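A short write-up of the structure that comes next.
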Amino acid sequence: MLGSAATRYSNRYTVQNIDYTDNEKEEYIANMKAQHGIYKDNIVTLSGNVAYVRDDGLTFKTQKAVYKKKTSSVVSDVGYVAYLNDSIIKGSYIRYNNKKNRIFSKNVRAKIELQER
Numbered sequence: 850m851l852g853s854a855a856t857r858y859s860n861r862y863t864v865q866n867i868d869y870t871d872n873e874k875e876e877y878i879a880n881m882k883a884q885h886g887i888y889k890d891n892i893v894t895l896s897g898n899v900a901y902v903r904d905d906g907l908t909f910k911t912q913k914a915v916y917k918k919k920t921s922s923v924v925s926d927v928g929y930v931a932y933l934n935d936s937i938i939k940g941s942y943i944r945y946n947n948k949k950n951r952i953f954s955k956n957v958r959a960k961i962e963l964q965e966r
């Protein structure tokens, strides 16, 4: 976890310009950046220009997200835009589990580019 400034409290850290990477035993490494972050009890709460980037190219951007390290899942309920290769997905809610490689979303609008195998 990196940032431009941080404050340590007895039960949490607050970080400005947070840059957080979770690379523990997962198939994909996930990196999250935001203007503000709070790390408490293995949960990272991000706000302000949140960007989630996975090393295989999956990316989504939103204004608020919560990442639970124990389950390797991230949730945003304020709208998002996701990108994978040339595909673009927009929705009002996203829950992504990095361990299971599953995405759940609401109010989805998508432009999917299929690739030949």
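For this note's numbering, add 849 to where a residue sits in the sequence shown, where the first one is 1. Virtual Cβ for every residue (Gly too), placed ideally from N, Cα, C. In this text the structure is predicted, and so the values were computed from the model without any measurement.
Pair within 8 Å by beta-carbon distance, residue 931 and residue 908: Cβ distance < 8 Å, so residue 931 and residue 908 count as in contact.
6 Å CB neighbourhood of residue 912 in its chain, flanking five on each side removed: The residues 927, in chain order, have a CB closer than 6 Å to that of residue 912 in the same chain once the five nearest residues on each side in sequence are set aside.
Chain-order list of residues whose beta-carbon lies under 8 Å from that of residue 957 (same chain, five-residue window excluded): 938, 939, 940
Residue 922 (DSSP reduced to helix, strand or coil): strand
Simplified DSSP state of residue 907, which is helix, strand or coil: coil
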